[in-house]
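Inspection log for the structure reproduced underneath, given as structure tokens.
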Amino acid sequence: MKLEDIAKKMCAKGKGILAADESTGTMDKRLKSVNVESTEKNRLTFRQTLFSSAAMKNYIGGVILFDETIRQKTTDGISVPDLILKNDSVPGIKVDKGAKKLAGSFEETITEGLDGLRERLKEYYELGARFTKWRAVYKIGNKYPSSQSIKSNAHALARYAALVQESNMVPIVEPEVLMDGSHDINKCYEVTTNVLNECYNELEIHKVSLKGTVLKPNMIIPGSDCKKKVSSEEIAKKTLDCLKKNVPSEVPGIAFLSGGQSEIEASKNLNEINKINDTNFLITFSYGRGLQASALKAFGEDLDNTKKIQNVFAHRAKMNGLSSKGEWSENLEKEAVA
Ligand code: 13P
Numbered sequence: 063m064k065l066e067d068i069a070k071k072m073c074a075k076g077k078g079i080l081a082a083d084e085s086t087g088t089m090d091k092r093l094k095s096v097n098v099e100s101t102e103k104n105r106l107t108f109r110q111t112l113f114s115s116a117a118m119k120n121y122i123g124g125v126i127l128f129d130e131t132i133r134q135k136t137t138d139g140i141s142v143p144d145l146i147l148k149n150d151s152v153p154g155i156k157v158d159k160g161a162k163k164l165a166g167s168f169e170e171t172i173t174e175g176l177d178g179l180r181e182r183l184k185e186y187y188e189l190g191a192r193f194t195k196w197r198a199v200y201k202i203g204n205k206y207p208s209s210q211s212i213k214s215n216a217h218a219l220a221r222y223a224a225l226v227q228e229s230n231m232v233p234i235v236e237p238e239v240l241m242d243g244s245h246d247i248n249k250c251y252e253v254t255t256n257v258l259n260e261c262y263n264e265l266e267i268h269k270v271s272l273k274g275t276v277l278k279p280n281m282i283i284p285g286s287d288c289k290k291k292v293s294s295e296e297i298a299k300k301t302l303d304c305l306k307k308n309v310p311s312e313v314p315g316i317a318f319l320s321g322g323q324s325e326i327e328a329s330k331n332l333n334e335i336n337k338i339n340d341t342n343f344l345i346t347f348s349y350g351r352g353l354q355a356s357a358l359k360a361f362g363e364d365l366d367n368t369k370k371i372q373n374v375f376a377h378r379a380k381m382n383g384l385s386s387k388g389e390w391s392e393n394l395e396k397e398a399v400a
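Residues in the sequence shown are numbered consecutively from 63, following this note's numbering.
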């Protein structure tokens, strides 16, 4: 399949991406929060429960996996990537090695993982991955993000994306401007503009074919401690405006991260964006917490209640699938989750 077609399949109308690529450290925290021990078996059980749910076929175009998961076999003996493929979804893999302290900057990070990446990509392709993810993180503060952080992270993202396309996979380019802080929505707009501009400069220098990429950005929202709250309509307007001005039109798909928004906020904001989407971008979700928070809670209540966990997940996947078409509504949230 051509890279462009894979990117379009991942973001097809009515579908989006399930970001289940939490590192073992993050999974430890997530499972601890629902009083479940973070063992390899429990991590697989939770993920296998989601990946084998009937909701996958209808609403999930791609799944981002972590290194541990892409190598696991389900209790039925098939590999996790094969289970995802069986549900007509594309298996993907997070390939960065995390955001590490950026030398020369007090509080900022640079995402590492370029050394040996070409060899790791070859192995992931053989294991079934057809797309990848790399997340750069930007903090908003008085002096942040610095141009050092904006430039170094964009450079790394572009080198990553070029290597991934060389390996015949679609790179998800994820520059995440964090919502932590008391900044207002306009500050988020300004910083995201600078970050996206630098990313697309570097992607061009590194000869990345934008048609074979997916952008995973933050929405334009106020900081989590900002006193001035704004409506979903304003978030949608500013987000779409920022994307139209700063993302080249060749990019086929834009799949947002949820970034600490509640499940409902993430669905509502995506829906508002799609209601006014007058571009050719396929605009959808690539949520971690935004898709899994309630399912994780149900898992914590009873690890073996597969039906309940899958129903809870199916509801969230369906709501976000509707949001990707601008067809979500608050009333639909009230649909019973058995
Ligand atoms: P959240 O939706 O929880 O922000 O996770 C998405 C993700 O993959 C971050 O890299």
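Quick reminder that beta carbons are idealized off the backbone N, C-alpha and C, glycines included.
Span of the beta strand (DSSP E), counted from its first residue to its last, around residue i
{"i": "glutamate 236", "result": "232 to 239"}
{"i": "threonine 171", "result": "171 to 173"}
{"i": "lysine 249", "result": "Not the beta strand (DSSP E): lysine 249 falls in the alpha helix (DSSP H), residues 247 to 267."}
{"i": "isoleucine 326", "result": "Here isoleucine 326 belongs to no beta strand (DSSP E); instead the alpha helix (DSSP H) covers 325 to 337."}
{"i": "glycine 283", "result": "In the sequence as presented, glycine is not what sits at residue 283; that position holds isoleucine. Taken as a continuous stretch (DSSP letters only), isoleucine 283 belongs to no beta strand (DSSP E), as it is neither H nor E."}
One or two residues paired with residue i in a DSSP bridge
{"i": "tryptophan 390", "result": "Beta-bridge pairing links tryptophan 390 to no other residue."}
{"i": "lysine 135", "result": "Ser141"}
{"i": "tyrosine 200", "result": "Val239"}
{"i": "threonine 346", "result": "Ala317"}
{"i": "lysine 205", "result": "DSSP lists no partner for lysine 205."}
{"i": "alanine 161", "result": "Thr173"}
{"i": "glycine 154", "result": "Ile126, Phe193"}
{"i": "glycine 78", "result": "Ile122"}
{"i": "valine 436", "result": "Since the first residue of the chain shown is 63 and the last is 400, residue 436 is not available in this structure."}
Of the listed residues the options, nearest to residue i (C-alpha basis)
{"i": "threonine 111", "options": "Lys273, His377, Lys369, Val276", "result": "Lys369"}
{"i": "glycine 285", "options": "Val309, Thr101, Glu252", "result": "Glu252"}
{"i": "threonine 341", "options": "Asn256, Met89, Lys307, Gly362", "result": "Lys307"}
{"i": "leucine 319", "options": "Ile68, Asp67, Ile79, Ala74", "result": "Ile79"}
{"i": "valine 235", "options": "Thr173, Ser115, Val292", "result": "Thr173"}
{"i": "phenylalanine 375", "options": "Glu66, Ala82, Ser115, Ala81", "result": "Ser115"}
{"i": "arginine 192", "options": "Thr86, Ile155, Glu295", "result": "Ile155"}
{"i": "asparagine 256", "options": "Pro237, Lys269, Leu302", "result": "Pro237"}
{"i": "isoleucine 83", "options": "Lys135, Lys195, Val96", "result": "The identity of residue 83 in the sequence shown is aspartate, whereas the question assumes isoleucine. The candidate whose alpha carbon is nearest that of aspartate 83 is Lys195."}
{"i": "asparagine 248", "options": "Arg109, Leu164, Lys299", "result": "Lys299"}
{"i": "glutamine 323", "options": "Leu384, Tyr206, Phe347, Arg105", "result": "Phe347"}
{"i": "lysine 291", "options": "Ser329, Ser244, Cys304", "result": "Ser244"}
{"i": "arginine 92", "options": "Thr136, Arg351, Gly388", "result": "Arg351"}
{"i": "asparagine 215", "options": "Val226, Leu164, Lys184", "result": "Leu164"}
{"i": "methionine 231", "options": "Leu240, Asn373, Leu272, Val239", "result": "Leu272"}
{"i": "alanine 360", "options": "Arg109, Ile371, Asp366, Gln354", "result": "Ile371"}
{"i": "alanine 379", "options": "Ser391, Lys64, Tyr121, Val98", "result": "Tyr121"}
Assumed close pair residue i, residue j - CB separation to whole angstroms, cut-off 8 angstroms
{"i": "leucine 176", "j": "tyrosine 222", "result": "7 angstroms"}
{"i": "lysine 77", "j": "valine 152", "result": "Incorrect: roughly 10 angstroms between the Cβ atoms, too far for contact."}
{"i": "histidine 217", "j": "glutamate 266", "result": "Histidine 217 to glutamate 266, Cβ: 12 angstroms. No contact."}
{"i": "tyrosine 200", "j": "isoleucine 132", "result": "Not really, about 27 angstroms apart at Cβ, beyond 8 angstroms."}
{"i": "isoleucine 316", "j": "isoleucine 345", "result": "5 angstroms"}
{"i": "valine 276", "j": "alanine 220", "result": "Their Cβ separation, rounded to whole angstroms, is 15 angstroms, which puts valine 276 and alanine 220 out of contact at 8 angstroms."}
{"i": "serine 208", "j": "serine 167", "result": "6 angstroms"}
Cβ-heavy atom distance, residue i to the ligand 13P, below 7 angstroms
{"i": "arginine 109", "result": "no"}
{"i": "arginine 378", "result": "no"}
{"i": "glycine 352", "result": "yes"}
{"i": "arginine 197", "result": "yes"}
{"i": "aspartate 242", "result": "no"}
{"i": "glutamate 66", "result": "no"}
{"i": "leucine 319", "result": "yes"}
{"i": "serine 211", "result": "no"}
{"i": "alanine 216", "result": "no"}
{"i": "alanine 81", "result": "yes"}
{"i": "serine 356", "result": "no"}
{"i": "glutamate 325", "result": "no"}
{"i": "tyrosine 349", "result": "yes"}
{"i": "glutamate 236", "result": "yes"}
Residue range of the alpha helix (DSSP H) that includes residue i
{"i": "lysine 68", "result": "Here residue 68 is isoleucine; the residue named in the question, lysine, does not match the sequence. Segment 65 to 72, the alpha helix (DSSP H) holding isoleucine 68."}
{"i": "arginine 351", "result": "351 to 363"}
{"i": "lysine 300", "result": "294 to 308"}
{"i": "alanine 116", "result": "Where alanine 116 is concerned, there is no enclosing alpha helix (DSSP H), given that its DSSP letter is neither H nor E."}
{"i": "lysine 370", "result": "368 to 385"}
{"i": "glycine 87", "result": "86 to 94"}
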